[in-house]
Amino acid sequence: MPKKKLGIFQLQKIRNQALQKFSIDRSKEIIMIEYEILNLEEIKGMLSSFNDLQSAYNLLKSLSNEFPINNIEIESLKLSEEELNRVNFILNSIQSLIDDLLPVTEHNIILFNAFQNELLTKFKRSYKQKLKSLELNKKNLQILGNSLIKNKNISKIVSNITYIHSLKLTQWLELIDSLKENTTFNLIIEKINIFYQDLIKARLNEQLNMVRDKFDETFINEYKKAFYENPSLSFSEYRQTYEASLTKEELDLKQDIIKNNQERLEFEKLKKNQEKQDALYQDYLRLPSKEFERKRRKEHRGKLSKVDLKVNNIKIEISKETSEKIEKFKDSFDKSIKNRYLAEEDDGANPIDLIRERKKKKTEEFKRYKKHFEAE
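Under my numbering, the final residue of the sequence shown carries the number 611; numbering is consecutive throughout.
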C-alpha cells in the first residue's frame, strides 16, 4: 500500500484555515462565557479550530515517523536542491505549527478553567434555587397536610420506612463522657431504664403465672434474683438447673421443707378461720335472748328461701276407702290444731279486756312455775 504524502500547498492550506477559524472563534469567547455558558454547541464550535490544528500536527508527525531514514543529518544525504528545499519547508512548517499550537493550548487551558468555574458557579446557583423552591413547597405541603389530617379529611400514609443507623460502640465510647453532662440524654436514659424495668417485671409476672405447682417462698425469691441477672431465664429452666445441682438427699430435704411450709400455711389459715368463728360465737353469746332468737329465725328463713322445691307430678292411685280415711284424719287434725293453737274469734269482745285476761293468765302461769322451781 503506498504511503500517504502531504503536499506543501495542502499543508499550508490546512494551517491557514485552522488559524483563520481560530482567530474568528476567539472573538466569540467573551460573549459565550458571559451569555451562553451552558450552550454545548457553541463550546463544541470553539474546540473545532483547536481540533483542526491538532489534526494537522498529528498528520505531520505521522509523516515524519514514516520517513525511512531516522537520526541522520540532512547534509549527509545526497539530495537534490529541490528535495532539500522541500524538506526544509516541511521542518519549518512543523516548527511553525508547534509555535502556533503552544499559545492556543495555553489559551484553551485558561478558557476551560473559566468554563469550569462559570459552570460550577451557575450550577450551584441553580441548585440552591431549586432547593429553596423545594423547601418552600415542602413547608406549604406540610402545613396543608397537617391541617387536613387534623380535620380528619385525609389519613397519613407511610409510603416508605425511614430509619437512622445506630452509632457504633467506638462512637459511643467517644461521646459518652460529654453525654453524661447532657440533661436531655440523661432524661432519655432514665425513661429507657423505667421502660426496661417495666418490661422485666411484666415478663417475671408472666413466668410466675405459668407456675402450677406450689413452691417455697425462698425458692421463688431465689428465682427472682436469678431472673433479674438474666431476664431470658425461664422458671422451668431455673428449676431444672437447681434440681440438677442438688443431690437426692438435698432434694428430698427441700421437698420436705416445702411440704412442711405448705402444712404450716394451711394450719395458719384454719387457725384464722377458727378465731373468726370464735369471735362470731362470742358475739352471739353477748346478745340478749330475744335478739338471739330473732337472728336464728332470720337465718332459718334465709336457708329455707334457698331450698328449691321440686314439683312432683306423679299421680298416685288411691282407693275410695283410703281416701275416706285420709279425709277423716284431716278433719280431726284440723280440729285439734284449732283447739290448741288458734283462738276463737269474738268480734264483740273488747280488745283491752282480751289483753288483760291474757296478761292475767301469763302471770298465773309464771307464779306456778316459780313455786315449782322454789320447791325443788
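Where a beta carbon is used, it is the ideal one built from N, C-alpha and C, also for glycine. All figures in this text were calculated on a predicted structure; none of them were measured in a lab.
Please name the residue in the options whose C-alpha comes closest to that of residue i.
| i | options | result |
| --- | --- | --- |
| phenylalanine 450 | Phe420, Lys460, Asp491, Thr418 | Asp491 |
| isoleucine 424 | Ile435, Ile411, Lys436 | Ile411 |
| isoleucine 329 | Asn428, Thr340, Leu354, Leu294 | Leu294 |
| threonine 453 | Glu472, Asn496, Arg603 | Asn496 |
| isoleucine 389 | Thr397, Leu379, Tyr398 | Leu379 |
| lysine 489 | Gln377, Glu478, Ser290 | Glu478 |
| asparagine 456 | Leu439, Met445, Ser467 | Leu439 |
| methionine 445 | Arg474, Lys426, Gln406, Leu505 | Arg474 |
Quick one: measure Cβ to Cβ for residue i and residue j, integer angstroms, because I've assumed they're closer than 8 Å.
| i | j | result |
| --- | --- | --- |
| glutamine 442 | phenylalanine 470 | 5 Å |
Taking the continuous alpha helix (DSSP H) assigned at residue i, which residues delimit it?
| i | result |
| --- | --- |
| phenylalanine 462 | 452-464 |
| serine 480 | 470-480 |
Following a CB-centred definition, is residue i positioned closer than 8 Å to any heavy atom of the ligand ADP?
| i | result |
| --- | --- |
| leucine 319 | Only the bare structure without any ligand can be found here, which leaves the ligand ADP out of the picture. |
Every unbroken alpha helix (DSSP H) within the stretch 367-421, with a cutoff of 4 residues, ordered by chain: 404-414
contact_flag[the stretch 434-441, the stretch 449-466] where n(CB pairs < 8 Å) is 3 or more: Yes, the stretch 434-441 is in contact with the stretch 449-466.
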